[in-house]
Structure formats: C-alpha cells, structure tokens
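Residue 157 is where the sequence shown ends in the working numbering, and the numbering goes up by one at each step.
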Amino acid sequence: MTKRLFWFCLGAAAAVFGINYMKKKVEDDSEAFSSENIADTMTDMVAALKKYIVGLWQGVTSGESLDDEELAKIFDDSRN
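The following block contains the structure:
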C-alpha cells in the first residue's frame with residue numbers, strides 16, 4: 078500500500094510540475110504562432126523560393142538574362 082501511495086504522489090507531483098511547465102512554454106511561444114508571424118514566415122519562404130528559382134534559371138541560362146525578343150526567338154525556332 079505504501080508503494081502505491083508513493084508512486085501515486087510522485088505521479089501527481091510530476092503532473093503538477095509538467096502542467097506548470099507547459100503553461101509557461103505556451104505563454105512564451107504564443108506570439109510565435111500568431112497569424113501575423115505565420116504570414117511573415119510564409120512570405121519569407123515564398124521570397125526564398127523565388128530567389129532560388131531565379132538563381133536556378135540563371136544557372137540554366139549561364140547567367141545571361143534573356144529579354145522578350147530573345148525568348149520569342151527561342152520559342153519561335155522550337156515551333157518550326
């Protein structure tokens with residue numbers, strides 16, 4: 078009986094400390110999950126993806142930037 082009471086009290090104390098820890102963690106991190114921060118994170122990810130795609134495209138074209146006339150020539154030649 079004493080062993081069961083010991084483990085029950087130990088579990089209850091761990092639960093109380095765990096709940097208090099989680100409450101503090103939620104209060105500290107609540108701003109990280111606000112809609113404004115999520116939107117900022119998404120726009121940063123889209124900007125990074127855009128930057129990556131532009132770099133990839135420039136690598137494919139050997140760093141040359143193609144204007145509309147050059148693109149028209151490439152696509153018109155491929156159709157003929």
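Don't be surprised by glycine CBs; every beta carbon is placed ideally from N, CA and C. Since the structure is predicted, the reported quantities are computational estimates derived from the model, not experimental observations.
Segment limits, alpha helix (DSSP H) that includes residue i
i: V105; result: Residue identity differs from the one stated: residue 105 is Asp in this sequence, not Val. Per DSSP, D105 belongs to the alpha helix (DSSP H) from 79 to 106.
Where residue i sits in the DSSP three-state scheme
i: S111; result: coil
i: D144; result: coil
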